[in-house]
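Asker: Residue numbers (my numbering), protein chains in the order written: chain A, 1 to 140; chain B, 1001 to 1140.
Submitted below is the structure of interest, expressed as structure tokens.
2 protein chains.
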Amino acid sequence: MNSFLQRLAAGGYRITPQRRLILEVLQQGARHQTAEDICASLQQKEPNISLGTVYRNLNILISLGLVTGVDFKDGRIRYELNDSHHHHLVCLNCGNTVEFPGCNLEETLGDIIGRTRFKITGHILEVFGYCRACQEPDGR
Amino acid sequence: MNSFLQRLAAGGYRITPQRRLILEVLQQGARHQTAEDICASLQQKEPNISLGTVYRNLNILISLGLVTGVDFKDGRIRYELNDSHHHHLVCLNCGNTVEFPGCNLEETLGDIIGRTRFKITGHILEVFGYCRACQEPDGR
DNA sequence: GCTATAATTAATAACCGTTCTTATTTAGGA
DNA sequence: TCCTAAATAAGAACGGTTATTAATTATAGC
Ligand SMILES: [Mn+2]
Ligand SMILES: [Mn+2]
Ligand SMILES: [Zn+2]
Ligand SMILES: [Zn+2]
């Protein structure tokens, strides 16, 4: 069985067709889909699936650490499997993104954070700009 | 005259009592206030000020680069004067924050970004965790 | 200083992504 | 196969933010 489904069950959650489909879309569909995107995909196979079900289960998956939500500053959350830690370069015009891995942020900030005695649980980092295709000749 | 007011005027905007007061609260009040916090402060001096006016003007101030909005993951935007570039350590329990300056993120990411040919306009970085007072003995 | 007028405001409705409610259905253990 | 707590579909509610509009006002030009 899919290891994501195993982890759902290990968390005390039931394996429902809706949850199988949500994980399927996250694994095989496009990256960085909104809840509505995901719901629309699911409805092709299962027309009666509800947007509320998608949100509820995405939040469960996030709480289990299987999924992460990212904010590209357009007013809606994008969801992706929580595989390898990375961040994004986001084009403010067309919305295209470039992922960049190799984040050493928490070690870089180690000294500053150490002095605060905070117990760190995570961080968000997104870089914004204009991709090559969206840059005007005048440099915007 | 206040240099922020000068920059407002230079941007083609009128100097209204409401705008004076908003800048006053941002300069002299607490950091990281929500629009509602700011509105409540203003209403002590000017009872009829409208929340819409606060939002509209905050967005103008942001577009002029005088103010920045930050997201502490509690569903509302916090506003602060755009003085020196910095980021935050945010306690997920009590909401307390620590600011840390000295961000060299864009030079650190220079190589990666350079290859993408993006024209960078900014970035967001927030670190989350639990402050010392909010950490349980068991380490949460 | 006055006036004309476009900018701004107060009040309030609308928006919209997300969460909540509830009656019904269902996954999974006994 | 049953039982029951968990999950779902449908749709209402929520809450932060934005849009609308009639009235007010800052300011440029005289
Ligand atoms: Mn990603
Ligand atoms: Mn700050
Ligand atoms: Zn990172
Ligand atoms: Zn920075």
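Using N, Cα and C, we set each Cβ at its ideal position, and we do this for glycine too.
Within this structure, are the beta carbons of A:E46 and A:L64 separated by less than 8 Å?
Answerer: no
Asker: Which residues of the stretch 1113-1132 of chain B have a Cβ closer than 7 Å to any Cβ of chain A? Give them in chain order.
Answerer: Going along the stretch 1113-1132 of chain B in chain order, one finds I1113, T1116, R1117, F1118, K1119, I1120, T1121, G1122, H1123, I1124, L1125, E1126, V1127, F1128, G1129, Y1130, C1131, R1132 with a Cβ nearer than 7 Å to chain A.
Asker: Are there three or more Cβ pairs, one per stretch, closer than 8 Å when the stretch 1124-1131 of chain B is compared with the stretch 1066-1075 of chain B?
Answerer: yes
Asker: Since A:L92 meets chain B, which of its residues come closer than 8 Å, beta carbon to beta carbon?
Answerer: T1121
Asker: Buried or exposed for A:C39, please, with buried defined as at least 16 other CB atoms from any protein chain shown within 10 angstroms of its CB.
Answerer: buried
Asker: Since B:E1126 is in the beta strand (DSSP E), which residue starts that stretch and which ends it?
Answerer: 1119-1130
Asker: Under the criterion of a Cβ to heavy atom distance below 7 Å, does B:H1123 qualify as lining ligand 1?
Answerer: no
Asker: So is the beta-carbon of A:L105 under 7 Å away from any non-hydrogen atom of ligand 3?
Answerer: yes
Asker: Would A:P3 be called buried (16 or more neighbouring beta carbons within 10 Å of its own) or exposed?
Answerer: The question names Pro, but residue 3 of chain A in the sequence shown is Ser. Its Cβ having fewer than 16 others within 10 Å, A:S3 is exposed.
Asker: Use the C-beta contact count for A:S84: other C-beta atoms within 10 angstroms, 16 or more gives buried, fewer gives exposed.
Answerer: exposed
Asker: Any chance the CB of B:H1085 is under 7 Å from a heavy atom of ligand 2?
Answerer: no
Asker: Thinking C-alpha only, which one of B:L1005, B:E1036, B:N1093 is nearest B:R1076?
Answerer: B:E1036
Asker: Using 8 Å for Cβ pairs, my map puts B:Q965 next to B:I1049. What's the rounded Cβ distance?
Answerer: The structure shown does not extend to residue 965 of chain B, since chain B is modelled only from 1001 through 1140, so no value can be given for it.
Asker: What residues of chain B sit near A:Q135, judged by a beta carbon separation below 7 Å?
Answerer: K1119
Asker: Can you name, in chain order, every residue of its own chain whose Cβ lies under 7 Å from the Cβ of B:N1093, other than the five neighbours on each side?
Answerer: Y1130, C1134
Asker: Go through its chain and collect everything with a Cβ distance to A:L105's Cβ below 8 Å, but skip five positions before and after it.
Answerer: Shown here for A:L105: same chain residues with a beta carbon closer than 8 Å to its own, the five before and five after excluded, namely H123, L125 in chain order.
Asker: Could you tell me whether any Cβ in chain A is nearer than 8 Å to the Cβ of B:L1042?
Answerer: At a cut-off of 8 Å, the C-beta of B:L1042 has no neighbouring C-beta in chain A.
Asker: Need the endpoints of the alpha helix (DSSP H) that B:T1108 sits in, please.
Answerer: Here the alpha helix (DSSP H) through B:T1108 covers 1105-1108.
Asker: Apart from the five residues on each side of it in sequence, which residues of its chain come closer than 6 Å, Cβ to Cβ, to B:L1051?
Answerer: C1039
Asker: Under a CB-based cut-off of 8 Å, is A:L58 close to chain B?
Answerer: Not an interface residue.
Asker: With 16 as the cutoff for other CB atoms within 10 Å, does A:T97 come out buried or exposed?
Answerer: buried
Asker: What's the C-alpha gap between B:R1140 and A:H87?
Answerer: Residue confidence for B:R1140 is low, a pLDDT of 48 falling below 50, so the modelled location carries little weight and cannot support an answer.
Asker: In the DSSP assignment, find the unbroken alpha helix (DSSP H) run with A:F100 in it and report its ends.
Answerer: From DSSP, A:F100 is part of no alpha helix (DSSP H) but of the beta strand (DSSP E) over 97-100.
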